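Here the structure is laid out as structure tokens; the discussion comes afterwards.
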Amino acid sequence: MTEPELAVAIKTAVDAWIQAKSPDQWLVDLNNPAELSAMLAATVEKVLVNDGFTLGAARQVVLGAPYFHMKQVFVPADLPDTPESFTPVPDGAGSVAGRAAALAVHGFLGKETVSYGSENDGALFVNLVPLPGEGRFADKSKSGMRGHTEAVTFPFSGDVDAHDPRIAPSPDILTLVGLRNPNSVPTTVMVLEDVLAELSPTDIAELKKSQYSLTAQLTFISGMKEILGDVHTANDEPVLKDVPPLTIVRYSHSSVLPTDEGGAAQTASDNFEAACNKVVIRVVIEPGDVLVVSNRLCLHGRGVVGEGVGGEARWLLRTYGLDTSDLDSSRRHLDGRPSYVLYP
Numbered sequence: 001m002t003e004p005e006l007a008v009a010i011k012t013a014v015d016a017w018i019q020a021k022s023p024d025q026w027l028v029d030l031n032n033p034a035e036l037s038a039m040l041a042a043t044v045e046k047v048l049v050n051d052g053f054t055l056g057a058a059r060q061v062v063l064g065a066p067y068f069h070m071k072q073v074f075v076p077a078d079l080p081d082t083p084e085s086f087t088p089v090p091d092g093a094g095s096v097a098g099r100a101a102a103l104a105v106h107g108f109l110g111k112e113t114v115s116y117g118s119e120n121d122g123a124l125f126v127n128l129v130p131l132p133g134e135g136r137f138a139d140k141s142k143s144g145m146r147g148h149t150e151a152v153t154f155p156f157s158g159d160v161d162a163h164d165p166r167i168a169p170s171p172d173i174l175t176l177v178g179l180r181n182p183n184s185v186p187t188t189v190m191v192l193e194d195v196l197a198e199l200s201p202t203d204i205a206e207l208k209k210s211q212y213s214l215t216a217q218l219t220f221i222s223g224m225k226e227i228l229g230d231v232h233t234a235n236d237e238p239v240l241k242d243v244p245p246l247t248i249v250r251y252s253h254s255s256v257l258p259t260d261e262g263g264a265a266q267t268a269s270d271n272f273e274a275a276c277n278k279v280v281i282r283v284v285i286e287p288g289d290v291l292v293v294s295n296r297l298c299l300h301g302r303g304v305v306g307e308g309v310g311g312e313a314r315w316l317l318r319t320y321g322l323d324t325s326d327l328d329s330s331r332r333h334l335d336g337r338p339s340y341v342l343y344p
């Protein structure tokens, strides 16, 4: 199955749902994301079966890909001015359809659409937009970003945090939804397989050793302090992990450092960063597109966004997907928050 073939199925499901419901019902359905995701996925599966695909094989094509770019899967109509904050996501036909498209993809892949209580107060979808003013958040929102994975201090799926077993896994996938991109600012992806091909066996072996310290990324810090009382860290962890037949990654250039500076661990980390910069692929997410990025098999970043704020400025939505079939309920908040909000 190709990206255009899945795009047709996603668009069919989203269009049918939009046309069958009133705007008020759209919002009711979005407030029950697990149910809506399952319903849309059922339509996607029906379309694919009618087109002659075997569902398991088609699903595995996407799950095994470092990234999957589906173009024009929804109509980004009736958009307000680009927001000037991460939350809330404005309601309207375009943003509703974009969120539904992401839910349809996640449902088809068997991923629950999730958030983390420590990031943006647990919002399921957030605006990726240039922010007004000055300071770290505003500056980072307009600048380019180097390769990283999401929620880097949280454990891989199937692992448990060394100090707090409630800490949920990092997401399996990151999903980006295009609403505006007037300057065609690229999202950058760095396929892990390509990165590893640039490294020596010695570097790869070092990156698999538990000798790196991971600190939380900026968007999680204030929420972690509120929930945990401090910023979450993970010490003496590997950057790479073998999960046969795959090798998976957790990395951020500013948040993952050798526990002891210098030596082979430092050299391997420096070489990993250089390799990431060497194998960059630029993907332009146009309005109506959905890009799924594996948070295990790929790193991602972006080009420079620029200074424009609000109005017609670049506007993507972001959400996460995770296989929660074996997730213990203690790793969700369940303190009056929606069940999709994971801990912390």
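Oh and the sequence shown: position 314 is 314 in the UniProt record's numbering, straight run, nothing missing.
Yeah, the Cβ is synthetic: ideal placement off N, Cα and C, and Gly gets one too.
Quantities reported herein were computed from a predicted structural model and do not represent experimental measurements.
Can you tell me the Cα-Cα spacing of residue i and residue j, whole angstroms?
i, j, result
"Lys111", "Glu286", "24 Å"
"Ser269", "Asp121", "32 Å"
"Gly158", "Gly311", "43 Å"
"Gly173", "Val243", "Going by the sequence as given, residue 173 is Ile instead of Gly. Between Ile173 and Val243, the C-alpha separation is close to 16 Å."
"Val191", "Leu316", "21 Å"
"Asp78", "Ala93", "6 Å"
"Ser22", "Glu193", "45 Å"
"Leu276", "Ala20", "The sequence as given places Cys at residue 276; Leu does not occur at that position. Each residue's Cα considered, the two are about 45 Å apart."
"Ser115", "Arg332", "10 Å"
"Gln266", "Ile18", "52 Å"
"Asp91", "Leu30", "10 Å"
"Gly223", "Val279", "33 Å"
"Gly147", "Gly133", "25 Å"
"Thr319", "Val28", "19 Å"
State buried or exposed for residue i, treating a residue as buried only when at least 16 other CB atoms are found within 10 Å of its CB.
i, result
"Val292", "buried"
"Val305", "buried"
"Asp164", "exposed"
"Phe137", "exposed"
"Lys11", "buried"
"Ala205", "exposed"
"Pro33", "buried"
"Ser329", "exposed"
"Ser118", "buried"
"Ala162", "exposed"
"Ser143", "exposed"
"Asp260", "exposed"
"Asp24", "exposed"
At what residues does the beta strand (DSSP E) containing residue i begin and finish?
i, result
"Glu198", "No beta strand (DSSP E) holds Glu198; DSSP gives it neither H nor E."
"Met39", "Met39 -> not in any beta strand (DSSP E); alpha helix (DSSP H) instead, spanning 33-50."
"Asp270", "Run containing Asp270: none in the beta strand (DSSP E); it sits in the alpha helix (DSSP H), 263-278."
"Leu176", "173-180"
"Ile281", "281-284"
"Thr113", "112-116"
"Phe68", "67-70"
"Ala234", "233-237"
Using 8 Å as the threshold, is the C-beta distance between residue i and residue j below it?
i, j, result
"Lys71", "Ala7", "yes"
"Ile167", "Phe156", "no"
"Val152", "Ser170", "yes"
"Ser252", "Thr149", "yes"
"Ala313", "Arg99", "no"
"Leu297", "Leu246", "yes"
"Leu299", "Val249", "yes"
"Asp203", "Phe272", "yes"
"Thr188", "Gly303", "yes"
"Ala58", "Met145", "no"
"Leu109", "Val73", "no"
"Val129", "Ala97", "no"
"Thr113", "Tyr340", "yes"
"Val177", "Val284", "no"
By the DSSP assignment, the alpha helix (DSSP H) with residue i in it spans what residues?
i, result
"Arg59", "55-63"
"residue 365", "For the chain, the structure presents residues 1 to 344; residue 365 sits outside this window and is missing."
"Pro76", "Taken as a continuous stretch (DSSP letters only), Pro76 belongs to no alpha helix (DSSP H), as it is neither H nor E."
"Leu228", "218-228"
"Arg166", "No alpha helix (DSSP H) contains Arg166, which DSSP labels as neither H nor E."
"Phe108", "93-109"
"Val129", "Here Val129 belongs to no alpha helix (DSSP H), and DSSP marks it neither H nor E."
"Arg302", "Where Arg302 is concerned, there is no enclosing alpha helix (DSSP H), although the beta strand (DSSP E) it sits in stretches over 298-302."
"Leu30", "23-30"
> Given 8 Å as the limit, is there contact between the region 314-329 and the region 209-216, that is, 3 or more CB pairs closer than that?
Replying inline: No, they do not touch.
> Contact between the region 59-68 and the region 77-92: three or more CB pairs below 8 Å?
Replying inline: By the Cβ test, the region 59-68 is not in contact with the region 77-92, since fewer than three Cβ pairs between them sit closer than 8 Å.
> Between the region 96-115 and the region 27-41, do three or more beta carbon pairs fall short of 8 Å?
Replying inline: Short answer: they touch.
> For the 8 Å Cβ check, are there 3 or more pairs between the region 213-220 and the region 232-243?
Replying inline: The region 213-220, when compared against the region 232-243, does touch it at the 8 Å Cβ threshold.
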